[in-house]
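Asker: Could you have a look at this structure, given as structure tokens, before my questions?
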Amino acid sequence: MNPDKSLDIERILEILEEQVYQHTGRYFLESEKVLIKGTWEGKDYEEIARDSGYNMHYLRTGVARQLWLLLSEVIGNGIQVKKIYLKNILVKLTKRYYADLEVAKFDNNELVGKTRIYGELPKLKYFYGREEEIKKLKNEVNVLKQRCLAITGVGGIGKTFLTRKLLEEILLETPDIYEYVIWYKVNSASSLDELLSEVIKILNLEINKEDFQTKICLLSNYLDSHKCLIVLDGFERLLQTDNFENKLNYEQLFIKLAEEQHRSCIIVTSQVPLKEMVYVTTTFNIESLRLEGLEESAAMQMLHDKGLGGEECKQLISFYRGDPSELEAVISKIHNFFGGSVKKFFEYQTTLTGERLQAMLNQQFAQSRLLSNLQRQIMIYLAKTMSDNSDRVPFSNLINGLKKELGLELSISEVITSIEILEQRSLVEAYRKSFSKEVSYSLQPVIKKYILVDPFGLVRKMPVQTKIKEVPL
Ligand SMILES: Nc1ncnc2c1ncn2[C@@H]1O[C@H](COP(=O)(O)OP(=O)(O)OP(=O)(O)O)[C@@H](O)[C@H]1O
Ligand SMILES: [Mg+2]
């Protein structure tokens, strides 16, 4: 059912009442229903009282106060329900209710239409924005028939959520086009070879030789004879066991999946762009979407639903670059420590970092293979320069500064390659106003703070350079 068609207040009251009943064992009082309906219709207390015949003072103090407290408990999700937010919360609640009915259809090993689902799809309790990205990805999958797609971006930016939402939409719109959908969460302890073995096992394929080549061929043939949609979620986790042989294997896998004719589609999510993970890149032709923060309107909606308001919300979104997991982390801190006031939070001029981004930064800086000396120096230089003067740093200043700081003969091409990689991983931000203007760089505040504070001493721990470490573009 289309949830928009079911946004009828009588139906919403039923859904809400059912939840209240499960929580408290009682149904709504008539006066409570009157208040909820009136609020839904945008009326103030005076209008509700006039239209219903109840006394306004009784409605406001005798009914409303208790009712908002009750609803906060039942549907507030940790946030206080107030009259001004109620309509919004009810719309979300109803949409979620209908979405859950649909989603319940595709749990593990379930059939949606003729499609069998394998793997544990992450649950989506809510989802904001990303309309453009979903439209683009649907077009890549359904119209352009891309065989392999990558969704990249920093930890916590929403790759898994987006892919899950995309899958839901594809399955709801065209439930019969795939035979199998496999959601495979990459495990950091596994290798590519093990990953292939597991996918082969899920598909119940018979294999007579256990070597990598045989596995790739078997899978590729199967993907041609059966239309499958496979998600490999968190592919960067394989990088922990990175070595030369692995890189050749990744390359073989991706070239085979992307270049060879087959009818299926593989979607890979990764913090590290795939082309950094392979050696030869000339034939590497995988469509990639680099995910950035939520657009302002979606992030505003998220803040609003979670009980934050005021002019400063826009500033908060821009400060955290619309990053949903960072925003979630800071929203709960603002509620816990600043009484829900974004203004007060800004008065303290602090930069809070969410766990997801911090985990990613730890991983990037802890693994010597992920960031070279020069890349670290570039980030440290940007952080220091921006802490003296928070402006963006023009490319020529960066080069001159690095030369001065490091006292080295710098290879400009090496700096360019390094900073391009940092940009693709969304670790630095680039500003290109026009072709005639020089590019300048900055760090988002959370990353700048991480580098300056260096909480685990990982940033300045320069790796010992070896030939194999350089990651070519
Ligand atoms: N579109 C969205 N709407 C609402 N919340 C979102 C959205 N995208 C992400 N989030 C929130 O951010 C959290 C992180 O998202 P997600 O797990 O998709 O990130 P990720 O990019 O896959 O991170 P990682 O690289 O660490 O796996 C989610 O658990 C969710 O709470
Ligand atoms: Mg993820």
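Using our numbering, the letters of the sequence shown map in sequence onto residues 1 to 473.
We put the beta carbon where it would ideally sit given N, CA and C, even for glycine.
(1) Taking a contact to mean a Cβ-Cβ separation below 8 Å, would you say M379 touches L427 in this structure?
(2) Y21 lies in the alpha helix (DSSP H); which residues open and close that run?
(3) Whole alpha helix (DSSP H) runs in the region 389-414 with 4 or more residues, listed along the chain?
(4) Ligand 2 and K125: does the residue's C-beta get closer than 7 Å to at least one heavy atom of that ligand?
(5) When the distance is taken between beta carbons, is S197 closer than 8 Å to E260?
(6) Got a sec, what are the start and stop residues for the alpha helix (DSSP H) A329 sits in?
(7) Could you pull out every residue in the same chain whose Cβ sits closer than 6 Å to the Cβ of I36, ignoring the five residues on either side in sequence?
(8) Cβ-heavy atom distance between P273 and ligand 1 below 7 Å?
(9) I think I421 touches L289, with their Cβ atoms under 8 Å apart; what is that distance to the nearest whole Å?
(10) Would the C-beta of M277 count as close to ligand 1, meaning under 7 Å from any of its heavy atoms?
(11) Can you have a look at N336 and say buried or exposed, based on whether 16 or more other CB atoms are within 10 angstroms of its CB?
(12) For T353, verify whether its CB is less than 7 Å away from any heavy atom of ligand 2.
(13) May I have a chain-ordered list of the alpha helix (DSSP H) segments no shorter than 4 residues that lie completely inside the region 201-245?
(14) I need the residues with a C-beta less than 7 Å from some heavy atom of ligand 2; please give them in chain order.
(15) Note down, in chain order, each residue of its chain lying with its Cβ closer than 7 Å to the Cβ of H262, except the 5 sequence neighbours on either side.
(16) Are three or more beta carbon pairs between the region 352-359 and the region 391-400 nearer than 8 Å?
(17) Can you find a heavy atom of ligand 1 that lies under 7 Å from the Cβ of L316?
(18) Could you check how far apart the C-beta atoms of L93 and I15 are, in whole angstroms? I think they sit under 8 Å.
(19) Confirm the yes/no value for this check: CB of S325, any heavy atom of ligand 1, distance under 7 Å.
(20) Could you compute how far the alpha carbon of S72 sits from the alpha carbon of E296?
(21) To the nearest angstrom, how far is the alpha carbon of L205 from that of L218?
(22) Any heavy atom of ligand 1 closer than 7 Å to the beta-carbon of I157?
(23) Let me check one thing: in DSSP terms, what residues is C148 bridge-paired to?
(24) Taking 7 Å as the cut-off, does the CB of E132 come closer than this to any heavy atom belonging to ligand 1?
(25) Assign I75 to one of three DSSP states: helix, strand, or coil.
(26) Tell me the rounded alpha-carbon separation between E438 and R432.
(27) Could you tell me whether any non-hydrogen atom of ligand 1 is closer than 7 Å to the CB of G307?
(28) Can L219 be considered in contact with ligand 1, in the sense that its beta carbon sits closer than 7 Å to one or more heavy atoms?
(29) Using the beta-carbon count (16 or more within 10 Å), is T24 buried or exposed?
(30) Would you please state the rounded distance, in angstroms, between the beta carbons of L192 and Y126? I believe it to be under 8 Å.
(31) Below 8 Å between beta carbons: does that hold for L443 and M386?
(32) According to the neighbour-count rule (16 or more other Cβ atoms, all chains shown, within 10 Å of its Cβ), is R11 buried or exposed?
(33) Indicate whether G310 and K343 have their beta-carbon atoms separated by less than 8 Å.
(34) Rounded to whole angstroms, what is the Cα-Cα separation between V141 and L86?
Answerer: Let's see:
(1) Start at 1 with the first residue of the sequence shown, and residue 379 comes out as number 379. Start at 1 with the first residue of the sequence shown, and residue 427 comes out as number 427. Contact flag set, yes.
(2) Your numbering for residue 21 matches position 21 in the sequence shown. 9-24 is the extent of the alpha helix (DSSP H) around Y21.
(3) If only complete runs of 4 or more residues are kept, the region 389-414 shows the alpha helix (DSSP H) at 395-406, in order along the chain.
(4) Taking the first residue of the sequence shown as position 1, residue 125 is located at position 125. No, since every heavy atom of ligand 2 falls outside the 7 Å radius drawn around the Cβ of K125.
(5) Locating residue 260 in the sequence shown gives position 260, counting from the first residue. Locating residue 197 in the sequence shown gives position 197, counting from the first residue. No; because the gap between Cβ atoms is not below 8 Å, this pair is not in contact.
(6) Numbered from its first residue, the sequence shown carries residue 329 at position 329. It spans 324-338 - the alpha helix (DSSP H) in which A329 sits, taken as one unbroken run.
(7) To locate residue 36, count along the sequence shown from 1; it is residue 36. Within the same chain, I36 has no close Cβ partners at all.
(8) Locating residue 273 in the sequence shown gives position 273, counting from the first residue. Not one heavy atom of ligand 1 falls within 7 Å of the beta-carbon of P273.
(9) The residue you call residue 421 lines up with position 421 of the sequence shown. The residue you call residue 289 lines up with position 289 of the sequence shown. The pair is not a contact, with the Cβ atoms about 18 Å apart (cut-off 8 Å).
(10) For this step, residue 277 is matched to residue 277 along the sequence shown. It does not: the Cβ of M277 is nowhere closer than 7 Å to a heavy atom of ligand 1.
(11) If you number the sequence shown from 1, residue 336 lands on position 336. Classification of N336: exposed, given that the 10 Å Cβ count is below 16.
(12) For the purposes of this step, residue 353 is taken as the residue at position 353 of the sequence shown. No, since every heavy atom of ligand 2 falls outside the 7 Å radius drawn around the Cβ of T353.
(13) Under the rule that a run must span 4 or more residues, the alpha helix (DSSP H) segments found entirely inside the region 201-245 read 212-225.
(14) Any residue whose Cβ sits closer than 7 Å to a heavy atom of ligand 2 makes the list: K159, T160, D233, G234, T269.
(15) Here residue 262 refers to the residue found at position 262 of the sequence shown. Taken in chain order, the residues that qualify are R147, S220, L223, D224.
(16) Put simply, the region 352-359 does not touch the region 391-400. Fewer than three CB pairs are less than 8 Å apart.
(17) Here residue 316 refers to the residue found at position 316 of the sequence shown. Not one heavy atom of ligand 1 sits closer than 7 Å to the Cβ of L316.
(18) One-based indexing of the sequence shown puts residue 93 at position 93. One-based indexing of the sequence shown puts residue 15 at position 15. Contact between L93 and I15 holds, since their C-beta atoms are separated by about 7 Å, short of 8 Å.
(19) Taking the first residue of the sequence shown as position 1, residue 325 is located at position 325. Yes, the beta carbon of S325 sits closer than 7 Å to at least one heavy atom of ligand 1.
(20) Indexing the sequence shown from 1 puts residue 72 at position 72. Indexing the sequence shown from 1 puts residue 296 at position 296. In a straight line, the C-alpha of S72 is about 26 Å away from that of E296.
(21) Locating residue 205 in the sequence shown gives position 205, counting from the first residue. Locating residue 218 in the sequence shown gives position 218, counting from the first residue. C-alpha separation (whole angstroms): 8 Å.
(22) By 1-based counting over the sequence shown, the position of residue 157 is 157. Answer for I157: yes, Cβ within range of ligand 1.
(23) Within the sequence shown, the letter at position 148 stands for residue 148. Beta-bridge partners of C148 (DSSP): I266.
(24) Counting from 1 along the sequence shown, the entry for residue 132 is found at position 132. Not under cutoff, so the answer is no.
(25) Taking the sequence shown and counting its residues from 1, the one referred to as residue 75 is at position 75. For I75, the secondary structure class from DSSP, reduced to helix, strand or coil, is helix.
(26) Translated into the one-based positions of the sequence shown, residue 438 becomes position 438. Translated into the one-based positions of the sequence shown, residue 432 becomes position 432. Answer to the nearest angstrom: the Cα atoms are 7 Å apart.
(27) One-based indexing of the sequence shown puts residue 307 at position 307. Answer for G307: no, Cβ out of range of ligand 1.
(28) Position 219 of the sequence shown, counting from 1, holds the residue named residue 219. Checking every heavy atom of ligand 1 against the Cβ of L219, none is found closer than 7 Å.
(29) Counting from 1 along the sequence shown, the entry for residue 24 is found at position 24. Per the 10 Å Cβ criterion, exposed.
(30) Reading the sequence shown from its first residue, position 192 is the one you call residue 192. Reading the sequence shown from its first residue, position 126 is the one you call residue 126. Not a contact, Cβ separation roughly 34 Å.
(31) For the purposes of this step, residue 443 is taken as the residue at position 443 of the sequence shown. For the purposes of this step, residue 386 is taken as the residue at position 386 of the sequence shown. Going by beta carbons, L443 and M386 fall inside the 8 Å limit.
(32) Walking along the sequence shown from the start, residue 11 turns up at place 11. Exposed is the call here.
(33) By 1-based counting over the sequence shown, the position of residue 310 is 310. By 1-based counting over the sequence shown, the position of residue 343 is 343. Going by C-beta atoms, G310 is nearer than 8 Å to K343.
(34) The count along the sequence shown starts at 1 and reaches residue 141 at position 141. The count along the sequence shown starts at 1 and reaches residue 86 at position 86. V141 and L86: Cα-Cα distance of roughly 38 Å.
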